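Encoded as structure tokens, the structure appears first; notes follow it.
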Ligand SMILES: Cc1cc2nc3c(=O)[nH]c(=O)nc-3n(C[C@H](O)[C@H](O)[C@H](O)COP(=O)(O)O)c2cc1C
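Residue numbers (this note's numbering): 545 to 942.
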């Protein structure tokens, strides 16, 4: 279940060229289970029609402050009380200036002033407008009032300029909003996560490995940090940046991963084994480069240590989540692994598909525990990680 499920969100849309992206934001918020009401400024309605947002949300769009009919239905104070969060995306330079002054001269600014919930502002404007000292001062003033800013992206703009000021992508905005609701659900918990592939040496230049990118484990680490956990991330060789505020321990082989994880879990509450650990290692790796002499060669392989099984057996109080990368009979193979390795839960995914799993940015999976099996529909690994974290938090609470 997404952390946005059943959350009440006011989506405020102001008059910038990026207003068209607000339709996608509204749709994605609802996909996460949020209830969405839309408020549009007069200028916003010049860029995108209220009808579009009304059709997407199934609710009338709120546009007027001084409208007796609107006040009789759901007036500005009711709207402000109703919302868990007010998200303004896109937010124009004008709107940010007005909000920073505490002015309430239209419905959106009035609702913001009347709201006791969180306010999130996603600015979008030309790079010169964004870089003006007055705009940056206004942003600073909002931050001081605990208004969250989803900093704009840098890049090519609609007007042809290049620089900071682009509205973040709808997916990124929704991800960050999930992070706001997730925050604190695993506060104080210590989490160890393994990620990426391992490499088992054949000789000094060759190795056995797999296609794991580490993206799922890194997304889990970021989500866990947002949820308030202290995270140790033990990763095989990947080309990803370490999340902020995370202790990253780089390793290469399965044996190194086991050694690092055994030490790290001593104080841990939760262990997540998302690494694609090689099942076999070369029994005696050559210390010199093997020369190409004969037409055929064979390698003598022996099993690598079963990291998740060893750690779950040695740490019975720790919550252990495993991953099963399967290509067939996904649920039954994963449930068998859950039982054999004495896991609390397992995430099973189908790695035979090109559109999800290894190397992809998306994933679709099954969450399986002793009592249930629930499907987690296709989404970005960041979103899936948040969903998994909410499930872990629920399990630990129970
Ligand atoms: C074609 C066009 C595009 C605009 N795009 C932006 C924009 O991306 N960001 C911005 O801050 N202002 C933009 N403006 C200026 C705003 O529309 C203007 O400041 C307006 O007063 C904002 O009203 P609001 O903040 O009440 O929605 C644009 C104006 C025009 C005519």
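Note that the Cβ used here is the ideal one computed from N, Cα and C, for glycine as well.
Here the structure is a predicted model, which means the values were calculated and not measured.
Can you tell me which residues form a DSSP beta bridge with residue 735? As a working note, residue 735 is residue 191 in the chain shown. Per DSSP, the beta-bridge partners of residue 735 are 775, 814.
Between which residues of its own chain and residue 550 is the CB-CB distance below 8 Å, once the five residues before and five after are set aside? For this step, residue 550 is matched to residue 6 along the chain shown. Answer for residue 550: 577, 578, 579, listed in chain order.
Under 6 Å from any heavy atom of ligand 1, does the C-beta of residue 637 make it? Numbered from its first residue, the chain shown carries residue 637 at position 93. Yes, since a heavy atom of ligand 1 falls inside the 6 Å radius drawn around the Cβ of residue 637.
Quick check: the region 665-683 against the region 707-720, are at least 3 beta-carbon pairs closer than 8 Å? The count of Cβ pairs closer than 8 Å, one atom from the region 707-720 and one from the region 665-683, reaches three, so the stretches are in contact.
Within the continuous beta strand (DSSP E) that includes residue 883, where are the two ends? By 1-based counting over the chain shown, the position of residue 883 is 339. Per DSSP, residue 883 belongs to no beta strand (DSSP E); it is in the alpha helix (DSSP H), 874-884.
Alpha carbon to alpha carbon, how far is residue 923 from residue 627? Give it in angstroms, no decimals. The count along the chain shown starts at 1 and reaches residue 627 at position 83. The count along the chain shown starts at 1 and reaches residue 923 at position 379. Looking at the two C-alpha atoms, the distance is approximately 26 Å.
Check whether the Cβ atoms of residue 882 and residue 912 lie closer than 7 Å to each other. Here residue 882 is taken as the residue at index 338 of the chain shown, counted from 1. Here residue 912 is taken as the residue at index 368 of the chain shown, counted from 1. Going by beta carbons, residue 882 and residue 912 fall inside the 7 Å limit.
Terminal residues of the continuous beta strand (DSSP E) containing residue 666? As a working mapping, residue 666 is identified with position 122 in the chain shown. In the DSSP annotation of this structure, the continuous segment of the beta strand (DSSP E) that includes residue 666 starts and ends at 662-667.
Return helix, strand or coil for residue 749, following the three-state DSSP convention. Locating residue 749 in the chain shown gives position 205, counting from the first residue. Note: residue 749 maps to coil in three-state DSSP.
Taking 7 Å as the limit between beta carbons, can you name the residues of its chain near residue 572, skipping five residues before and five after? Here the question's residue 572 lines up with position 28 in the chain shown. Counting only residues of its own chain and dropping the five nearest sequence neighbours on each side, residue 572 has a CB closer than 7 Å to the CB of 714, 715, 718.
Roughly how far, in whole angstroms, is the beta-carbon of residue 870 from the beta-carbon of residue 797, given that I think they are within contact range, below 8 Å? Here residue 870 refers to the residue found at position 326 when the chain shown is read from its first residue. Here residue 797 refers to the residue found at position 253 when the chain shown is read from its first residue. Between residue 870 and residue 797 the beta-carbon gap is near 24 Å, outside 8 Å, which marks them as no contact.
Hey, is residue 653 close to ligand 1, as in C-beta under 6 Å from one of its heavy atoms? Position 109 of the chain shown, counted from the start, is the residue given in the question as residue 653. Within the chosen limit of 6 Å, ligand 1 does not reach the beta carbon of residue 653 with any heavy atom.
Quick one: grab the DSSP three-state call for residue 821. Taking the first residue of the chain shown as position 1, residue 821 is located at position 277. Three-state result, residue 821: coil.
Near residue 657, which residues of its chain fall below 7 Å by C-beta distance, leaving aside the five closest residues on each side in sequence? For this step, residue 657 is matched to residue 113 along the chain shown. Only residues of its own chain outside the window of five on either side were considered, and among them 646, 648 have a CB closer than 7 Å to the CB of residue 657, listed in chain order.
Would you give the residue range spanned by the beta strand (DSSP E) that residue 552 belongs to? Residue 552 sits at position 8 when you count from the first residue of the chain shown. From DSSP, the beta strand (DSSP E) with residue 552 extends over 552-557.
Chain-order list of residues whose beta-carbon lies under 6 Å from that of residue 555 (same chain, five-residue window excluded): Mapped onto the chain shown, residue 555 falls at position 11. Once the five neighbours on either side are set aside, the close Cβ partners of residue 555 are 570, 580, 582, 631.
Select from 821, 844, 809, 673 the residue whose C-alpha is nearest the C-alpha of residue 780. The residue you call residue 780 lines up with position 236 of the chain shown. The candidate whose alpha carbon is nearest that of residue 780 is 821.
Under the rule that 16 or more other beta-carbon atoms within 10 Å means buried, what is residue 655, buried or exposed? Here residue 655 refers to the residue found at position 111 when the chain shown is read from its first residue. Flag for residue 655 reads buried.
Assign residue 647 to one of three DSSP states: helix, strand, or coil. Residue 647 sits at position 103 when you count from the first residue of the chain shown. DSSP places residue 647 in the coil class of the three-state scheme, outside both helix and strand.
Taking only three categories from DSSP, how would you classify residue 591? Against the chain shown, residue 591 aligns to sequence position 47. In the structure shown, residue 591 sits in a helix (DSSP, three-state: H, G or I).
Taking the alpha-carbon positions, what's the residue 959 to residue 764 distance? Residue 959 is absent from the model: the chain starts at 545 and stops at 942.
Tell whether a beta-carbon distance below 7 Å holds between residue 553 and residue 702. By one-based count along the chain shown, residue 553 stands at place 9. By one-based count along the chain shown, residue 702 stands at place 158. No, these two residues do not count as a Cβ contact at 7 Å.
Unbroken alpha helix (DSSP H) run spanning residue 926, endpoints: The count along the chain shown starts at 1 and reaches residue 926 at position 382. Looking at the DSSP string, the run of the alpha helix (DSSP H) that includes residue 926 is 925-941.
Three or more beta-carbon pairs under 8 Å between the region 736-743 and the region 752-762, yes or no? Contact holds: three or more Cβ-Cβ distances are below 8 Å.
Alpha helix (DSSP H) segment containing residue 677, residue limits: Position 133 of the chain shown, counting from 1, holds the residue named residue 677. Secondary structure note for residue 677: its alpha helix (DSSP H) is the uninterrupted segment 677-688.
Could you spell out the range, first to last residue, of the alpha helix (DSSP H) harbouring residue 492? No statement about residue 492 is possible, as the shown extent of the chain runs from 545 to 942 and does not include it.
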